[in-house]
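Asks: What follows is a single structure, and I will ask about it in a moment.
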Ligand code: PEP
Ligand code: MN
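Next up, the structure:
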């Protein structure tokens, strides 16, 4: 159930409804934005819309048929804008997140951070804990990479996004990392999602390899219902019968998510492409389809990369992509500055 208040509703009127819901044993969650609303999670079968609409200040009370509530567009019609020290994701902004698949050395990370910044990227990505399909492949540099991430941030001012797989590492990384990335393989790691829900930092939640959009939204609901409302969703390609690309980028996911949720949407063109040559076209498709940003892999020497070598862009290619994205961003009413 979502209760939407009149724009003119007074604070006391909203508080009164909130208090009454608590008194009745419900679990209300308040959302104050352009329009104030209250979501009631859990079983609301005993509540009638008419009862709620009779309260002063209430515009309407709608029963949602979908199982997710806090991520629903109805809860926050104007859309969420996440602000990381002035870098915004959502609204009119089109935000570029870029960097190597894996952090490999201090020099590799710092060079990449400067290249990303110079090309107009806003956030640095780099994995230190890597979810590899084979246990015999490079598993990430681990904690050793944390001082490198810190230095990259200090030198460039770019906020840092890195993947976490285990709730136990959150304490170790929290002072350095600005955005926690949940990888496709961990989208349904519910202990991790709940733990991230208790943190104060934004989460970039990637769609599972075979997850439906409803499952993605319910994974985001785990994070939000644990208290953290700064979640961005990432379409990164799904498993289909097609083998010409590494994964099939579900471009249609972008407008569907845009309709169903207020959360920002990021497209990852690198992992579905699997090959450098295909990344640009998928990146442009993501922007044109309405994504709020991209997460792109770039590396100083992609051929020698320790993971995802075939799909990482050279700095020149990344710079070129940025140049090609700008007029498209303008055409669809977005700013990359
Ligand atoms: C990555 O971003 O490097 C990564 C492992 O992505 P995904 O979880 O989407 O495979
Ligand atoms: Mn990768």
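Numbering (the numbering used here), first residue to last: 75 to 411.
Just so it is clear, CB atoms sit at the ideal spot from N, CA and C, and this is done for glycine as well.
Taking only three categories from DSSP, how would you classify residue 216?
Replies: Looking up residue 216 in the chain shown gives position 142. Helix at residue 216.
Asks: Please report how far the alpha carbon of residue 342 lies from the alpha carbon of residue 122, in whole angstroms.
Replies: Walking along the chain shown from the start, residue 342 turns up at place 268. Walking along the chain shown from the start, residue 122 turns up at place 48. Cα to Cα, residue 342 sits roughly 42 Å from residue 122.
Asks: Does the segment 371–381 come within contact of the segment 172–185, defined as at least 3 CB pairs closer than 8 Å?
Replies: yes
Asks: Need the endpoints of the beta strand (DSSP E) that residue 94 sits in, please.
Replies: Position 20 of the chain shown, counted from the start, is the residue given in the question as residue 94. Residue 94 -> not in any beta strand (DSSP E); alpha helix (DSSP H) instead, spanning 85–97.
Asks: Which partner residues of residue 135 appear in the DSSP bridge assignment?
Replies: For the purposes of this step, residue 135 is taken as residue 61 along the chain shown, with counting starting at 1. Residue 135 pairs with 77.
Asks: Which of the three DSSP states, helix, strand or coil, is assigned to residue 277?
Replies: The sequence position of residue 277 within the chain shown is 203, counting from 1. Note: residue 277 maps to strand in three-state DSSP.
Asks: Compute every distance between the C-beta of residue 85 and the non-hydrogen atoms of the ligand PEP, then say whether any falls below 7 Å.
Replies: Here residue 85 refers to the residue found at position 11 of the chain shown. Not under cutoff, so the answer is no.
Asks: Rounded to whole angstroms, how far is the Cβ of residue 227 from the Cβ of residue 221, which I believe are closer than 8 Å?
Replies: Residue numbering aside, residue 227 sits at position 153 when the chain shown is read from its first letter. Residue numbering aside, residue 221 sits at position 147 when the chain shown is read from its first letter. About 11 Å separates the beta carbons of residue 227 and residue 221, which is beyond the 8 Å limit, so they are not a contact pair.
Asks: Under three-state DSSP, which class holds residue 167?
Replies: Your numbering for residue 167 matches position 93 in the chain shown. Reduced to three states, the DSSP call for residue 167 is strand.
Asks: Give the C-beta separation of residue 362 and residue 353 to the nearest angstrom, bearing in mind that I take them to be a contact with Cβ-Cβ under 8 Å.
Replies: As a working note, residue 362 is residue 288 in the chain shown. As a working note, residue 353 is residue 279 in the chain shown. Wrong, their Cβ atoms sit about 15 Å apart, outside the cutoff.
Asks: Could you give the DSSP three-state label for residue 231: helix, strand or coil?
Replies: For the purposes of this step, residue 231 is taken as the residue at position 157 of the chain shown. The answer is coil: DSSP assigns residue 231 none of H, G, I, E or B.
Asks: Is it the case that the segment 238–254 contacts the segment 202–222, given that we only count it when at least three CB pairs across the two stretches are under 8 Å?
Replies: yes
Asks: Within the present structure, is the beta-carbon of residue 122 separated from the nearest heavy atom of the ligand PEP by less than 7 Å?
Replies: Taking the first residue of the chain shown as position 1, residue 122 is located at position 48. No - the ligand PEP has no heavy atom lying nearer than 7 Å to the Cβ of residue 122.
Asks: Helix, strand or coil for residue 302, going by three-state DSSP, please let me know.
Replies: Residue numbering aside, residue 302 sits at position 228 when the chain shown is read from its first letter. Correct three-state label for residue 302: coil.
Asks: Check for me: the beta strand (DSSP E) holding residue 371 runs from which residue to which?
Replies: Here residue 371 corresponds to residue number 297 of the chain shown, with the count starting at 1. Unbroken beta strand (DSSP E) run through residue 371: 367–371.
Asks: Use the C-beta contact count for residue 255: other C-beta atoms within 10 angstroms, 16 or more gives buried, fewer gives exposed.
Replies: Mapped onto the chain shown, residue 255 falls at position 181. Around the Cβ of residue 255, a 10 Å sphere holds 16 or more other Cβ atoms; the residue is buried.
Asks: With DSSP collapsed to three states, give me the class of residue 208.
Replies: The sequence position of residue 208 within the chain shown is 134, counting from 1. Coil.
Asks: Please give me, in chain order, every unbroken run of the alpha helix (DSSP H) with length at least 4 that falls completely inside the segment 289–339.
Replies: 327–334
Asks: Rounding to the nearest angstrom, what Cα-Cα distance links residue 96 and residue 102 in this structure?
Replies: Along the chain shown, one-based indexing puts residue 96 at 22. Along the chain shown, one-based indexing puts residue 102 at 28. Going by the C-alpha atoms only, they are around 7 Å apart.
Asks: Go ahead and label residue 333 buried or exposed: buried means 16 or more other beta carbons lie within 10 angstroms of its beta carbon, across all protein chains shown.
Replies: By 1-based counting over the chain shown, the position of residue 333 is 259. When all chains shown are included, residue 333 counts as exposed.
Asks: Out of curiosity, what's the CA-to-CA distance linking residue 284 and residue 195?
Replies: Numbered from its first residue, the chain shown carries residue 284 at position 210. Numbered from its first residue, the chain shown carries residue 195 at position 121. If I take the Cα positions, the gap works out to 29 Å.
Asks: With H, G and I counted as helix, E and B as strand and the rest as coil, what does DSSP make of residue 407?
Replies: What you label residue 407 is simply residue 333 of the chain shown in a count that begins at 1. The answer is coil: DSSP assigns residue 407 none of H, G, I, E or B.
Asks: Could you compute how far the alpha carbon of residue 79 sits from the alpha carbon of residue 118?
Replies: Within the chain shown, numbered from 1, the residue matching residue 79 stands at position 5. Within the chain shown, numbered from 1, the residue matching residue 118 stands at position 44. Roughly 18 Å between the two C-alpha positions.
Asks: Once you ignore the five residues that flank residue 359 on each side, which residues in its own chain have a CB closer than 6 Å to its CB?
Replies: Along the chain shown, one-based indexing puts residue 359 at 285. For residue 359, where only same-chain residues beyond five positions count, the Cβ hits under 6 Å are 325.
Asks: Which one or two residues does DSSP pair with residue 194 in a beta bridge?
Replies: For the purposes of this step, residue 194 is identified with residue 120 of the chain shown, where counting begins at 1. DSSP lists no partner for residue 194.
Asks: Would you mind sorting residue 313 into buried or exposed? The rule is 16 or more other CB atoms within 10 Å of its CB.
Replies: Within the chain shown, numbered from 1, the residue matching residue 313 stands at position 239. So residue 313 ends up on the exposed side.
Asks: Hey, out of 297, 340, 304, whose CA is closest to residue 310's CA?
Replies: Here residue 310 refers to the residue found at position 236 of the chain shown. The candidate whose alpha carbon is nearest that of residue 310 is 340.
Asks: Between residue 198 and residue 158, what straight-line distance do the alpha-carbon atoms span, to the nearest angstrom?
Replies: Translated into the one-based positions of the chain shown, residue 198 becomes position 124. Translated into the one-based positions of the chain shown, residue 158 becomes position 84. Approximately 12 Å between the Cα atoms of the pair.
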